[in-house]
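A.B. asks:
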Amino acid sequence: MSRPDLLDRLAAAQAERARDALLRRLRTVDDGDATSIVVGGRRLTGFASNDYLGLARHPELVEAMTTAARRDGVGATAAHLLGGHRREHAALEAELADWTGRERALLFSTGYMANLGVLQALLDRGDLCVQDRLNHACLLDGARLSGATLRRYAHADVDSAARALAIQPDAAALLATDGVFSMDGTIATLPALAALCRAQGALLMVDDAHGIGVLGPEGSGSLRASGVAEADAAVLMGTLGKALGTGGAFVAGPAALVDGLVQFARTHVYTTAMPPPVAAATRAAVRLARHEHWRRDHLAALVAHFRNGAVQRGLVLLDSSTPIQPVAIGDSARALAVAAALEEAGFFVPAIRPPTVPANAARLRVTLSAAHRIDQVERLLDALVEAGAVPAADTPP
Ligand SMILES: *Cc1c(COP(=O)(O)O)cnc(C)c1O
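0 is the number of the first residue of the sequence shown in numbering that gives the first Met the number 0; add one for each residue after it.
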């Protein structure tokens, strides 16, 4: 028998990653919040969490979760369609729809599952799915799962997207983009993409995992920030585990979309509903995100401070105005070395390497939170320089 051994193959792939400085390491965190993390027995100042508004440990969320758990129990105990759809879920869906200015919303257990479910429900073999090259992995996986033809266009390049759509002018088509790109922090050109989709009869889907809570009026996301209405972007996916500090996701859009997803999105139908206390805590998070504008104002001040300080020190940043502020490094081994030196100096900033980002585009993904102070950002900037994050004069990143 010459059958390959699957575990041997996995080990070989892992060895190859190690050779290329691409090995991931799972670390146990003893304590952590938006601005600090305890690993290996040391407390580090953290610039890695997606808790952009600093809500994950907010007493109102903790209280809402505890109260709901005492009243409703911990788990939903069934799928939404089979008795698991509790009052807290229904109320949260209505509040998310109201916040994002959409007709209806539907909960999913994670953003990954929401994207898989939406794309599998909407698309079939023979259809066309057009996506930005830097979209999140789960949008790409959803397109593959659907059986549609997947065409990827150059990052943020609307002409490239138009060419991808034009190749199959008669196919049913969906264009999917991140609202804020998770590893770059850049914002999609949504009005131009919406105009393209309208002209081409394609459906526009926006994954706003990093825009919800952060951008737009009351933090309602990148679509409202750019003035694109529901009629021009039928599918909005938002996650609850980032700025809202809890976990799970939702899809918001016209009733025809949500009703269809209830029937056909397999990741909604065939899975246990989100624990009701998580829904209760998320309702508290939505209230705070909508009404505590100071969180976004302070975040914007931190972003400006970081960018100005980085320019002064010769650090190379990506062109981002969001709390995701990656420092470009390039080489994976060098990115790891800088991250290690930062950790030595008391800062936790992970190195992001391929295949999460393109080849030779390793970076330190700095994320800022409303819970950070200006002086912490100042010390991070100095530590980045000390750790070797400034490119040598003759080596462009
Ligand atoms: C985090 C993320 C997801 C996945 O959301 P989870 O709820 O963590 O599964 C999807 N899309 C983007 C752009 C993300 O950053």
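Even glycine gets a Cβ: it sits at the ideal position worked out from N, Cα and C.
1. Should methionine 236 go down as buried or exposed, given a rule of 16 or more other Cβ atoms within 10 Å for buried?
2. For threonine 34, I'd like the list of residues in its chain whose CB is within less than 7 angstroms of its CB, leaving aside the five on either flank, ordered along the chain.
3. Does the segment 297 to 314 come into contact with the segment 136 to 151, if we say contact requires no fewer than three beta-carbon pairs (one atom in each stretch) closer than 8 angstroms?
4. Using the rule of at least 16 other Cβ atoms within 10 Å of the residue's Cβ for burial, across every protein chain shown, is methionine 0 buried or exposed?
5. At which residues does the alpha helix (DSSP H) containing glutamine 262 begin and terminate?
6. Where does aspartate 231 sit, in a helix, a strand or coil, going by DSSP?
7. Who are the near neighbours of arginine 56 in its chain, counting only those whose CB is closer than 6 angstroms to its CB and skipping five residues on each side?
8. Once DSSP output is grouped into helix, strand and coil, what is the label at threonine 65?
9. According to DSSP, is proline 58 part of a helix, a strand, or is it coil?
10. For glycine 252, tell me which candidate among Thr185, Leu25, Leu106, Arg42 has the shortest Cα-Cα distance.
11. Roughly how many whole angstroms lie between the Cα atoms of histidine 292 and valine 37?
12. Taking 8 angstroms as the line, does the beta carbon of leucine 54 fall inside it for any heavy atom of ligand 1?
13. Consult DSSP for glutamine 324 and reduce its assignment to one of helix, strand or coil.
14. Check this for me: beta carbons of isoleucine 211 and alanine 187, under 9 angstroms apart or not?
15. Which residue or residues does DSSP assign as beta-bridge partners of tyrosine 399?
16. Based on Cα-Cα distance, which residue from Val234, Asp183, Gly40 lies nearest to alanine 360?
C.D. replies: With the structure as the only source:
1. buried
2. Thr44, Gly45, Ser368, Ala370, His371, Gln375
3. no
4. exposed
5. 254 to 263
6. helix
7. Asp32
8. helix
9. helix
10. Leu106
11. 29 angstroms
12. no
13. strand
14. no
15. Any property of residue 399 remains undetermined from this structure, which presents the chain solely from 0 to 396.
16. Asp183
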